[in-house]
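Asker: In short: position in the sequence shown from 1, add 62, done, that's this note's numbering.
C-beta atoms are modelled at their ideal positions from N, C-alpha and C, and glycine is treated no differently.
Predicted, not measured: the structure shown is a model, and the values here were computed from it.
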Amino acid sequence: MKYKFLNVVKRDLIFGFKNNRNKLVSIFVLLIVLTYFNVLSIRGQAFELGLDSKNINFIDLFFYMFKGIGYSINPLPINWLLIHIYITYLVGSYCYDDLSKESSNAIVRMKNRKYIWISKIIWMSATILTFYLMLLLIIGIFSTVMLNSSLGWSKFSKVSILNIIIKDYSSWKFILFTILIYMLSSMTLSIFQMLISFIVKPTYIYIVNICIFVISLFCNKFIIPIQGSLILRQNLFDVTYKINPLNSTIYNLLAFIIIFEVGIYYIRKIDILTSQETN
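Rendered as structure tokens:
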């Protein structure tokens, strides 16, 4: 069984990334364009303060890309939306597409079908990790070429970040926390997306995710795990805020585990091929 499982994982990783090759290239280009416009915007703000490009560090561009928005939804957090939309696009309906094909019959007929679900989750996790590594690489390159590659707080940080974040919060700690919460939020949303891909047509998956994004932005209560990735709503910036690093992490982990278990139960109980044919 272990050998079969490893073969299933290997197949999903190879076939999944091959299937996503064009998507990854297009998203890489889009991330370059997005980051470039963010660099222009942050440089404009710095120049208004009498600072130059060398006063802007990696951490400033990182914050600008990942900060999300506070409890005011004006302006819309374009970066936050695009990051999650790109991941939604990458994960897509791979489960639906793969399990709908005759070439997947051997996998579907495995004795312990939970390994199909686990294998898809491993592929999903690898896809999300690849996305964030691409984004961090692009931010690093732009910081080195157009700004300052230092990871510490900068002169611009003193105005844009340090005057609103809690005292003595290190730049390294902020980077690690932000990446962690974004990764967890993306994995929670994506595993839910993969679960419903067993049930509904691909078009409805995107409609559901759009609804989740809208609710996350307009609802002030912490009811959807992905809201934790709206970094400016964390109590790092206001102690009265209800969202904090601990409850964001726990909420996402619990949601992930529950969806994981539901997925195992569902895939054991249904005839996947029949289910896919009726969608």
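Can you list the alpha helix (DSSP H) stretches of 4 or more residues lying completely in the region 92-135, in chain order?
Answerer: Qualifying alpha helix (DSSP H) stretches, in chain order: 120-128.
Asker: As a quick exercise: from Val95, Gly214, Asp122, pick the residue whose alpha carbon is nearest that of Ile200.
Answerer: The residue given as residue 200 occupies position 138 in the sequence shown. Among Val95, Gly214, Asp122, the Cα nearest to that of Ile200 is on Val95.
Asker: If I follow the unbroken alpha helix (DSSP H) through Gly348, where does it start and stop?
Answerer: It is not possible to answer for residue 348, since the shown part of the chain is limited to 63 through 341.
Asker: In its own chain, which residues sit with a C-beta less than 8 Å from the C-beta of Ile256, not counting the 5 before and 5 after it?
Answerer: Within the sequence shown, residue 256 is the residue found at index 194, counting from 1. What sits at residue 256 in the sequence shown is Met, not Ile. Once the five neighbours on either side are set aside, the close Cβ partners of Met256 are Val153, Tyr156, Cys157, Lys182, Ile183, Met186, Gly325.
Asker: In the DSSP output, which residue or residues are listed as bridge partners for Gln296?
Answerer: Along the sequence shown, read from residue 1 onward, the residue named residue 296 stands at position 234. Beta-bridge pairing links Gln296 to Ile305.
Asker: What residues in its chain sit with their C-beta under 8 Å from that of Ser115, if we drop five residues either side in the sequence?
Answerer: Position 53 of the sequence shown holds residue 115. Closer than 8 Å at the Cβ level, and outside the excluded window around Ser115, lie Arg105, Ala108, Met208, Leu209, Asn210.
Asker: With H, G and I counted as helix, E and B as strand and the rest as coil, what does DSSP make of Asn210?
Answerer: Here the question's residue 210 lines up with position 148 in the sequence shown. Asn210: strand per DSSP, three-state reduction.
Asker: Could you spell out the range, first to last residue, of the alpha helix (DSSP H) harbouring Asn271?
Answerer: Along the sequence shown, one-based indexing puts residue 271 at 209. Its alpha helix (DSSP H) spans residues 264-280.
Asker: What does the alpha-carbon distance come out to for the pair Ile321 and Phe254?
Answerer: Counted from its first residue, the sequence shown places residue 321 at position 259. Counted from its first residue, the sequence shown places residue 254 at position 192. Distance between the alpha carbons of Ile321 and Phe254: 6 Å.
Asker: If we count the other Cβ atoms within 10 Å of its Cβ and call it buried at 16 or more, is Glu164 buried or exposed?
Answerer: For this step, residue 164 is matched to residue 102 along the sequence shown. At Glu164, the pLDDT of 46 sits below 50, so the modelled position is not reliable; the number obtained from the coordinates is stated separately. Its Cβ having fewer than 16 others within 10 Å, Glu164 is exposed.
Asker: Below 8 Å between beta carbons: does that hold for Phe193 and Ile149?
Answerer: Here residue 193 is taken as the residue at index 131 of the sequence shown, counted from 1. Here residue 149 is taken as the residue at index 87 of the sequence shown, counted from 1. Yes, the pair counts as a contact, with Cβ atoms nearer than the cut-off.
Asker: For Arg295, which of Gly130, Ile140, Ile121 has the nearest alpha-carbon?
Answerer: As a working mapping, residue 295 is identified with position 233 in the sequence shown. It is Gly130.
Asker: Taking the continuous alpha helix (DSSP H) assigned at Lys235, which residues delimit it?
Answerer: Walking along the sequence shown from the start, residue 235 turns up at place 173. Counting along the chain, the alpha helix (DSSP H) containing Lys235 begins and ends at 233-259.
Asker: Could you please give the first and the last residue of the uninterrupted alpha helix (DSSP H) stretch that includes Ser222?
Answerer: The sequence position of residue 222 within the sequence shown is 160, counting from 1. It spans 217-222 - the alpha helix (DSSP H) in which Ser222 sits, taken as one unbroken run.
Asker: What's the C-alpha gap between Met249 and Pro137?
Answerer: Taking the first residue of the sequence shown as position 1, residue 249 is located at position 187. Taking the first residue of the sequence shown as position 1, residue 137 is located at position 75. Answer to the nearest angstrom: the Cα atoms are 26 Å apart.
Asker: Which of the three DSSP states, helix, strand or coil, is assigned to Asn81?
Answerer: Taking the first residue of the sequence shown as position 1, residue 81 is located at position 19. Three-state DSSP puts Asn81 in a helix.
Asker: Would you mind sorting Asp230 into buried or exposed? The rule is 16 or more other CB atoms within 10 Å of its CB.
Answerer: Numbered from its first residue, the sequence shown carries residue 230 at position 168. With fewer than 16 Cβ atoms within 10 Å of its Cβ, Asp230 is classed as exposed.
Asker: Is it buried or exposed, Val91, if we count other Cβ atoms within 10 angstroms and call 16 or more buried?
Answerer: Translated into positions along the sequence shown, residue 91 becomes position 29. Classification for Val91: exposed.
Asker: Could you give the residue range of the alpha helix (DSSP H) that holds Leu143?
Answerer: Counting from one through the sequence shown, the residue named residue 143 turns up at place 81. It spans 140-153 - the alpha helix (DSSP H) in which Leu143 sits, taken as one unbroken run.
Asker: Can the beta-carbon of Phe280 be found closer than 8 Å to that of Lys304?
Answerer: Numbered from its first residue, the sequence shown carries residue 280 at position 218. Numbered from its first residue, the sequence shown carries residue 304 at position 242. No; because the gap between Cβ atoms is not below 8 Å, this pair is not in contact.
Asker: Using the beta-carbon count (16 or more within 10 Å), is Leu102 buried or exposed?
Answerer: As a first step, residue 102 must be located in the sequence shown, where it is residue number 40. Counting Cβ neighbours within 10 Å, Leu102 comes out exposed, since fewer than 16 surround it.
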